[in-house]
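Below is one structure; the comments refer to it alone.
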Ligand SMILES: NC(=O)c1ccc[n+]([C@@H]2O[C@H](COP(=O)([O-])OP(=O)(O)OC[C@H]3O[C@@H](n4cnc5c(N)ncnc54)[C@H](OP(=O)(O)O)[C@@H]3O)[C@@H](O)[C@H]2O)c1
């Protein structure tokens, strides 16, 4: 049953807290083949471990990572943080990219079932677990035919007890539907936040009984309002040298003016009831659909506490949701 603090991962019956924690940033520094940053700059692993454990104590039971985040580092740190508490949590990770853990660079991608098995074996080892709860295809634009083969490979992994359920991380409803044909497909992971609604994907999740796992629910930090107030991402942070797809930030990590203006325009509604703007952004997602599970990233215990506290206030009201719709058109 969906309650304010818990949601079910689609048809799998797996229950998670309505808030997951995204583990991209805690992977630390890594880069693409040309050396451009794909991480969020330096991280303090001890702080990351403490933040995960604090989140657990505050009722967060869902953690999303990927093998490629920090080229394996995020999975290792998460595995360390969850040691002894694995049974309390639902762990999601992703595969599809090839990488070199020594150079910390991505070396390519591989949409074959053979590589899926190889990647799964490596993720299990790094996470220190014997199964993944939700295994996700990270190649958002892989060909649907390749997706169908990988869906069937995932069904085999379920039969072998290596994973419990699976999803495609994609913004394309047609690709999500290819995966949804599999019995144990439970969700789709896709971009959705106050500034970038995803009505077609949410409708698909409703129609097919999938959970909607929302990546970048804070628009990579922009929706917290702190970047408009002058904070800048540090060295080695992808937001300081944004690739073409990253529109929230400009060169040097200044927020893109058109997006910063929109954040400012909805600030009063998001902060109603004493929420911070970031908490309001999470509350917007819960109000948007009973299937959403936002997975905000975090870098510190303080951020973990503030994000987990959003659960206590629950969704925005219908009126607040409509007001934001009116403001942003
Ligand atoms: N293709 C994919 O499948 C894909 C793509 C993107 C993301 N994801 C997943 O989605 C997760 C979340 O997305 P995201 O990491 O892109 O961005 P996000 O959740 O929109 O933003 C996270 C960032 O906002 C800042 N922040 C978080 N809580 C805060 C607070 N309480 N106060 C102030 N600042 C705060 C932190 O960075 P700073 O403190 O440095 O600002 C944090 O790293 C990822 O971790 C990953 O698990 C998946």
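Residue numbers (full-length UniProt numbering): 1 to 329. The beta-carbon is built from N, C-alpha and C at its ideal position, and this holds for glycine as well.
> Which one of 286, 222 and 13 has the shortest CA to CA distance from residue 262?
Replying inline: Measuring from the Cα of residue 262, the nearest candidate turns out to be 222.
>> Using the three-state DSSP reduction, which class does residue 299 fall into: helix, strand or coil?
In response: Residue 299: coil per DSSP, three-state reduction.
>> Below 8 Å, how does it come out for the region 231 to 249 and the region 313 to 322: are there three or more Cβ pairs, yes or no?
In response: The region 231 to 249 makes no contact with the region 313 to 322, as fewer than three CB pairs between them are under 8 Å.
>> Taking only three categories from DSSP, how would you classify residue 169?
In response: Here residue 169 sits in strand by DSSP.
> Do you know offhand how far residue 91's Cα is from residue 278's?
Replying inline: For residue 91 and residue 278, the distance between alpha carbons rounds to 24 Å.
> Quick one, which of 282, 30 and 228 has its alpha-carbon nearest residue 103's?
Replying inline: In this structure, 30 is the residue among 282, 30 and 228 with its C-alpha nearest to the C-alpha of residue 103.
> Taking 8 Å as the cut-off, does the CB of residue 138 come closer than this to any heavy atom belonging to ligand 1?
Replying inline: Yes - ligand 1 has a heavy atom lying nearer than 8 Å to the Cβ of residue 138.
> In the DSSP assignment, what residue or residues form a beta bridge with residue 185?
Replying inline: The partner list for residue 185 (beta bridge, DSSP) reads 166.
>> Does the contact criterion of 3 or more C-beta pairs under 8 Å hold for the region 119 to 133 versus the region 49 to 58?
In response: The region 119 to 133 is not in contact with the region 49 to 58.
>> Classify residue 2: buried if its beta carbon has 16 or more other beta carbons within 10 angstroms, exposed otherwise.
In response: For residue 2, the pLDDT reaches just 47, beneath the cut-off of 50, and the residue's location in the model is therefore unreliable, leaving the point undetermined.
> Comparing alpha-carbon positions, which option in 45, 69 and 134 lies nearest residue 212?
Replying inline: When each option's Cα is compared against that of residue 212, the closest is 134.
> Quick one: any contact between the region 17 to 26 and the region 298 to 308, if contact means 3 or more CB pairs under 8 Å?
Replying inline: The answer is yes - the region 298 to 308 touches the region 17 to 26, with three or more Cβ pairs under 8 Å.
> With DSSP run on the structure shown, which of helix, strand or coil describes residue 256?
Replying inline: It is coil, neither helix nor strand.
> What are the boundary residues of the alpha helix (DSSP H) that residue 14 is part of?
Replying inline: Unbroken run through residue 14: none, as it is neither H nor E.
> ligand 1 heavy atoms versus the CB of residue 327: any closer than 8 Å?
Replying inline: Shortest gap from the CB of residue 327 to any heavy atom of ligand 1: 8 Å or more.
>> Less than 9 Å between the beta carbons of residue 280 and residue 272, yes or no?
In response: Using a Cβ distance threshold of 9 Å, residue 280 and residue 272 count as a contacting pair.
>> On a Cα-Cα basis, can you pick out the residue from 69, 60, 64 and 19 that is closest to residue 42?
In response: Scanning 69, 60, 64 and 19 for the CA closest to the CA of residue 42 turns up 69.
> Which one of 22, 84 and 58 has the shortest CA to CA distance from residue 66?
Replying inline: Looking at 22, 84 and 58, the one whose alpha-carbon comes closest to that of residue 66 is 22.
> Taking the C-alpha atoms as reference points, what is the distance between residue 153 and residue 326?
Replying inline: When rounded, the distance between both Cα atoms is 44 Å.
> Which of helix, strand or coil does DSSP assign to residue 138?
Replying inline: Three-state DSSP puts residue 138 in coil, outside helix and strand.
> Secondary structure at residue 45, three-state DSSP: helix, strand or coil?
Replying inline: In this structure, residue 45 counts as helix in the three-state DSSP scheme.
> For residue 140 versus residue 121, is the C-beta spacing smaller than 9 Å?
Replying inline: Taking the C-beta atoms as reference points, residue 121 is found no nearer than 9 Å to residue 140.
> Tell me which same chain residues have a C-beta within less than 7 Å of the C-beta of residue 13, skipping the five on either side of it?
Replying inline: Contacts found: none.
>> Measuring only the C-alpha atoms, how far is residue 215 from residue 285?
In response: Computed Cα separation, rounded: 11 Å.
> When you compare only the Cα positions, how much space is there between residue 200 and residue 193?
Replying inline: Approximately 14 Å, taken between the alpha carbons.
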